[in-house]
Amino acid sequence: MNINYLASLIAVIVLFLLAYVGVEAAGLRYFFGVLLPYLAVIIFIVGFVKKIVGWAKTPVPFPIPTTCGQQETLSWIKPAKIDNPTTGFGVFVRMLLEILFFRSLFRNTKMELREGDKLSYEWEKWLWLFALAFHYSFLTVLLRHLRFFLEPVPGCVKFLESMDGFLQIGLPGIMISGILLLAALLFLLLRRIFIPQIRYISLASDYFPLFLIMGIAITGILMRYFIRVDIAGIKELTIGLVTFHPIIPDGIGGLFYVHLFFVSVFIAYFPFSKLMHAGGIFMSPTRNLTTNTRATRHINPWNYDVKVHTYEEYEDEFREKMIGAGLPVEKES
Amino acid sequence: MSEPRPDELIRKMEHKSPQKGWMDTPVNIRKGMYCYASNPKSVEYLGLPNARAWNPLDVDWKLPPDWKEIIHKGFRERLDKFRSFKIFMDVCVRCGACADKCHFFIGTGDPKNMPVLRAELLRSIYRNDFTVAGKIFGKLAGAREMTIDVLKEWWYYLFQCTECRRCSVFCPYGIDTAEITIMGRELLNLLGLNIDWIATPVANCYRTGNHLGIQPHAYKDMIDFFIEDIEEVTGVKVDPSFNQKGADILFITPSGDVFADPGTYTAMGYLILFHYLKEMGLNVTWSTYASEGGNFGFFTSHETMKRLNKKMYAEAKRLGVKWILGGECGHMWRVVNQYMDTMNGPADFLEVPVSPITGTRFENAKSTKMVHIAEFMADLIKHKKLNLDPSRNDHLKVTYHDSCNPARGMGMLEEPRYVMKNVCNNFYEMPPNTIREQTFCCGSGSGLNAGENMEQRMAGGFPRANAVKHVHEKYGVNMLSCVCAVDRAALPPLMDYWVPEVGVCGLTELVANALVVPGEAERTTDLRGEELQVKEEEDKNV
Chain V
49 MNINYLASLI
59 AVIVLFLLAY
69 VGVEAAGLRY
79 FFGVLLPYLA
89 VIIFIVGFVK
99 KIVGWAKTPV
109 PFPIPTTCGQ
119 QETLSWIKPA
129 KIDNPTTGFG
139 VFVRMLLEIL
149 FFRSLFRNTK
159 MELREGDKLS
169 YEWEKWLWLF
179 ALAFHYSFLT
189 VLLRHLRFFL
199 EPVPGCVKFL
209 ESMDGFLQIG
219 LPGIMISGIL
229 LLAALLFLLL
239 RRIFIPQIRY
249 ISLASDYFPL
259 FLIMGIAITG
269 ILMRYFIRVD
279 IAGIKELTIG
289 LVTFHPIIPD
299 GIGGLFYVHL
309 FFVSVFIAYF
319 PFSKLMHAGG
329 IFMSPTRNLT
339 TNTRATRHIN
349 PWNYDVKVHT
359 YEEYEDEFRE
369 KMIGAGLPVE
379 KES
Chain F
132 MSEPRPDELI
142 RKMEHKSPQK
152 GWMDTPVNIR
162 KGMYCYASNP
172 KSVEYLGLPN
182 ARAWNPLDVD
192 WKLPPDWKEI
202 IHKGFRERLD
212 KFRSFKIFMD
222 VCVRCGACAD
232 KCHFFIGTGD
242 PKNMPVLRAE
252 LLRSIYRNDF
262 TVAGKIFGKL
272 AGAREMTIDV
282 LKEWWYYLFQ
292 CTECRRCSVF
302 CPYGIDTAEI
312 TIMGRELLNL
322 LGLNIDWIAT
332 PVANCYRTGN
342 HLGIQPHAYK
352 DMIDFFIEDI
362 EEVTGVKVDP
372 SFNQKGADIL
382 FITPSGDVFA
392 DPGTYTAMGY
402 LILFHYLKEM
412 GLNVTWSTYA
422 SEGGNFGFFT
432 SHETMKRLNK
442 KMYAEAKRLG
452 VKWILGGECG
462 HMWRVVNQYM
472 DTMNGPADFL
482 EVPVSPITGT
492 RFENAKSTKM
502 VHIAEFMADL
512 IKHKKLNLDP
522 SRNDHLKVTY
532 HDSCNPARGM
542 GMLEEPRYVM
552 KNVCNNFYEM
562 PPNTIREQTF
572 CCGSGSGLNA
582 GENMEQRMAG
592 GFPRANAVKH
602 VHEKYGVNML
612 SCVCAVDRAA
622 LPPLMDYWVP
632 EVGVCGLTEL
642 VANALVVPGE
652 AERTTDLRGE
662 ELQVKEEEDK
672 NV
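Protein chains in written order, with the working numbering: chain V, 49 to 381; chain F, 132 to 673.
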């Protein structure tokens, strides 16, 4: 047993109990249904903005893009306009591909030592595939939840739902995004637990978000398919939250509060964790800078003068020898 | 040599992770895997902190009493000055995509050589000292306190990274371990914890203008030897100029190529090329003051890099040249391409580089005003300005090693290939996952090219050598070409170790072999004195 995932799993179970017991036994509905969600949102906004502003205020002293293709030099050599972008548009496309399609991760290979001493590299697509599946299904689930915050429910949200539920299995219809989300989470978790290298580098703070999002997904799926909850009441609560007229309708079960509590913990935890990669990816200097670094001068705001060994000092030291060797000098001794 | 045999080294590459967590596994500084500590005289000459004799194997590293505070403050300062550092400390999700991309991890199997863990060595301290989560959750959030063991671990592993940036190609957030190593080494240098293979070249370069400490008269002497050698092979006497005011172009190249084989043949190549072009209007001069293209300051700190780099522009200004032509070197071109203009520009006293032979204006270098010799030669060949006889390289079966920095810090991939294909008939690429932006480091970059760390170098160079072995066995490749002076120093022993029978050469050496110089005698050997392959028709006559 590994302390890192055990601790994270236990943490999520404790969170579950806190909310469930807090609501069902102690009746802390207002606390878990109104106060904590508001507090979490405030922490999220303040934390997120602080982090982004902190990054943004930090200078980028040198242009250090990683060039992943041919540079633009001679007119007859075809440059890689996206992987070695010299224009803002090239950078825009590079970033778009990174952010929407995880392009760098797409390159992933797996190294193997074969026949004793032959290295081989194979395209490793699974991490890329499941990472995409995870992020897009999570996004879909998130967007679907707009139905709880908007009245009337916008057409685009309904459309998304109908796309998501096109399989039409059973009643209520199965939403693919939820299943995919859980499957992708499971993949990401299992690779951390079973691939020795990945287990070795994983921290508790890598398992915790996985378990937490699983908790969110599982409680959501339970409410949708297995345990009846008062949807109308829940919507009253969520609409109350977003319109700043919070109310706690009767008859919403503890499971919903657990779901909401998990979400609250998730968003409050977000700015203080690795989840901030969501913001960082936009600002990574190895990706978001143009590579025309010899054509345009990049300014370092804190550039300062340094002590150098001048030519005069150099000649002073070596003048005799230079003259002896017939090298031109500035001063003939 | 006491380093393990190749088969022993391969057996060590288990890539197994220990049962105990990495935070609980103390560093074991092992002979053969590290470089000697910096010579205090070199540190002192540069005015860098804590110059004293010390030994990495000793328990006491003779640190200043307030070393923890120095590190903490230095860390803070760099977080505030470099967005890269701050973001790279924050956003890693430890997906592990970088792990088996590192030549040192592949070659040593040591889990702390996974780029992600190398960075975690610093991140753990970052979390502890500067983040809320680290302060509240401690080890669970991946935080740990700075201790002398952690410092030693930093030193050991930050000097097992060659800043090659291969991992940064694969990272979904572009996290660049080179950047992390650069910051880490800066911090170590605040305590005087450099290695001597960096510190002494830097001190040399500061004083004499080049890493090897070659004084001006000796520099000229060495080139004079080349002139004799060239005359022997070609019958042509070349006549380079030094420190000449009023030249059009200043030529700067790494001193390693002036100093030792096989780089010397590349240096001879430059001399032959410039001689050939002289008639056509090329007026180029060499400098003994700016006699170093490379910049080991880059492996020390940003400030030291700037101090060494400054003399390129200073010398160009003093001599009144129009622009600068740069020779074949790896990290030199990372510095020139991504740092020089920002640090020591604007070079408004220079002109936008124009080739005096072809009239090509190098718009891509219009601000920095420095052109790579491969770009320059590719342009010459495209305009048919060079009379080439590629059959003079027929005794060679050549492959090309993209040097890390020109590949991933510049993107110079096609120019050298274009030149290569025009000067030799037998050119074979290594497998796609080992070239271009995915190229593997020689294993000795960023100042790790010493003699005492042979095991480390041979292990780190294993992925590169393995790809060479592939084309050696498949096509009979017997020459590994490259555009980097560190490569030319580092790859020959690597080849001897893993793929004997494969030599190492520079691009310009191959060009000079093929270049038909007016007035030359019939060549019977290449620049190395190796017999040329006898042409078929002559074969019949014999």
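Every residue, glycine too, gets a C-beta built ideally from N, C-alpha and C.
Bear in mind that the values here come from a model prediction, so they are computed numbers and not experimental data.
CA-to-CA distance, residue j to residue i, given in whole angstroms
| i | j | result |
| --- | --- | --- |
| residue 158 (chain F) | residue 322 (chain F) | 19 Å |
| residue 588 (chain F) | residue 183 (chain V) | 40 Å |
| residue 134 (chain V) | residue 634 (chain F) | 36 Å |
| residue 151 (chain F) | residue 50 (chain V) | 10 Å |
| residue 236 (chain F) | residue 565 (chain F) | 15 Å |
| residue 433 (chain F) | residue 77 (chain V) | 56 Å |
| residue 294 (chain V) | residue 271 (chain V) | 22 Å |
| residue 276 (chain F) | residue 541 (chain F) | 38 Å |
| residue 159 (chain V) | residue 245 (chain V) | 13 Å |
| residue 498 (chain F) | residue 472 (chain F) | 7 Å |
| residue 132 (chain F) | residue 532 (chain F) | With a pLDDT of only 48 at residue 132 (chain F), under the threshold of 50, the placement of this residue in the model should not be trusted; the figure read from the coordinates follows. Distance between the alpha carbons of residue 132 (chain F) and residue 532 (chain F) is about 27 Å. |
| residue 451 (chain F) | residue 484 (chain F) | 14 Å |
| residue 368 (chain F) | residue 355 (chain F) | 10 Å |
| residue 308 (chain V) | residue 85 (chain V) | 8 Å |
| residue 177 (chain V) | residue 146 (chain F) | 25 Å |
| residue 412 (chain F) | residue 487 (chain F) | 6 Å |
| residue 170 (chain V) | residue 596 (chain F) | 18 Å |
| residue 673 (chain F) | residue 665 (chain F) | Low confidence applies here, because residue 673 (chain F) scores a pLDDT of 43, under 50, leaving its location unreliable; read the following figure in that light. Using only the alpha carbons, I get a separation of about 10 Å. |
| residue 559 (chain F) | residue 544 (chain F) | 15 Å |
8 Å contact criterion, which residue i and residue j should meet: CB distance rounded
| i | j | result |
| --- | --- | --- |
| residue 394 (chain F) | residue 424 (chain F) | About 11 Å separates the two Cβ atoms, so there is no contact after all. |
| residue 381 (chain F) | residue 505 (chain F) | Actually they do not touch by this definition, with Cβ atoms about 18 Å apart. |
| residue 332 (chain V) | residue 253 (chain V) | Between residue 253 (chain V) and residue 332 (chain V) the Cβ distance is about 20 Å, and since that is not below 8 Å, they are no contact. |
| residue 659 (chain F) | residue 396 (chain F) | 6 Å |
| residue 63 (chain V) | residue 313 (chain V) | 6 Å |
| residue 519 (chain F) | residue 404 (chain F) | Residue 519 (chain F) to residue 404 (chain F), Cβ: 11 Å. No contact. |
| residue 537 (chain F) | residue 466 (chain F) | 12 Å between Cβ atoms; not a contact. |
Start and end residues, alpha helix (DSSP H) containing residue i
| i | result |
| --- | --- |
| residue 289 (chain V) | 279-290 |
| residue 462 (chain F) | 462-466 |
| residue 269 (chain V) | 252-269 |
| residue 288 (chain F) | 279-289 |
| residue 606 (chain F) | 593-606 |
| residue 296 (chain V) | Premise fails: residue 296 (chain V) is in no alpha helix (DSSP H) and is neither H nor E. |
| residue 539 (chain F) | 535-539 |
| residue 636 (chain F) | From DSSP, residue 636 (chain F) is part of no alpha helix (DSSP H) but of the beta strand (DSSP E) over 634-637. |
Neighbour flag for residue i against chain C, beta carbons, 8 Å
| i | result |
| --- | --- |
| residue 72 (chain V) | The displayed structure is made up of protein chains V and F, and chain C is not among them. |
Endpoints, the beta strand (DSSP E) within which residue i is located
| i | result |
| --- | --- |
| residue 455 (chain F) | 454-457 |
| residue 166 (chain V) | 166-171 |
| residue 162 (chain V) | 157-162 |
| residue 613 (chain F) | 610-613 |
inquiry  = Short of 7 Å Cβ to Cβ, which residues in the region 218-235 of chain F face chain V?
reply    = 218, 221, 222, 223, 224, 225, 226, 227, 228, 230, 231
request  = Please confirm if the region 85-105 of chain V is in contact with the region 517-527 of chain F, defined as three or more CB-CB distances below 8 Å between the two stretches.
outcome  = no
query = Would the region 138-150 of chain V and the region 237-252 of chain F be scored as touching if the rule is three or more Cβ pairs under 8 Å?
reply = no
query = Is it a yes or a no for the region 648-661 of chain F touching the region 558-575 of chain F, going by three-plus beta-carbon pairs under 8 Å?
reply = no
Segment contact flag, the region 462-480 of chain F with the region 80-94 of chain V, C-beta cutoff 8 Å, min 3 pairs = no
Chain-ordered residues of the region 267-295 of chain F with a beta carbon less than 7 Å from chain V = 271, 272, 273
task = Could you tell me whether the region 326-345 of chain F touches the region 223-232 of chain F, using the rule of 3 or more Cβ pairs below 8 Å?
result = no
query = Per the contact definition of three or more C-beta pairs closer than 8 Å, is the region 273-289 of chain V in contact with the region 346-365 of chain V?
reply = no
task = Could you please tell me which residues of the region 337-350 of chain V, in chain order, have their CB closer than 8 Å to any CB of chain F?
result = 339, 340, 341, 342, 343, 344, 345, 346, 347, 348, 350
message = Could you check whether the region 109-122 of chain V touches the region 290-306 of chain F, counting it as contact only if at least three pairs of C-beta atoms, one from each stretch, sit closer than 8 Å?
response = yes
ask   = Which residues, in order along the region 404-429 of chain F, keep a beta-carbon less than 8 Å from a beta-carbon of chain V?
value = 419, 420
message = For the region 237-244 of chain V against the region 198-212 of chain V, do three or more pairs of beta-carbon atoms, one drawn from each stretch, fall closer than 8 Å, so that the two count as touching?
response = no
ask   = Looking at chain V, which residues of the region 146-165 of chain F have a Cβ within less than 9 Å of any of its Cβ atoms?
value = 146, 147, 148, 149, 152, 153
ask   = Do three or more CB pairs link the region 344-363 of chain F to the region 186-200 of chain F at distances below 8 Å?
value = no
ask   = Using 8 Å as the threshold, is the region 567-583 of chain F in touch with the region 323-331 of chain F, meaning 3 or more CB pairs across them?
value = yes
Proximal residues, the region 312-330 of chain V versus chain F, C-beta separation under 7 Å = 320, 321, 322, 324, 325, 328, 329
query = Can you list, in chain order, the residues of the region 360-377 of chain V whose Cβ is nearer than 7 Å to any Cβ on chain F?
reply = 362, 366, 369, 370, 372, 373, 375, 376
key: Cβ pair count under 8 Å reaching 3, the region 437-454 of chain F against the region 271-285 of chain F   = no
key: Interface residues of the region 544-572 of chain F facing chain V [CB-CB below 7 Å]   = 544, 545, 546, 564, 568
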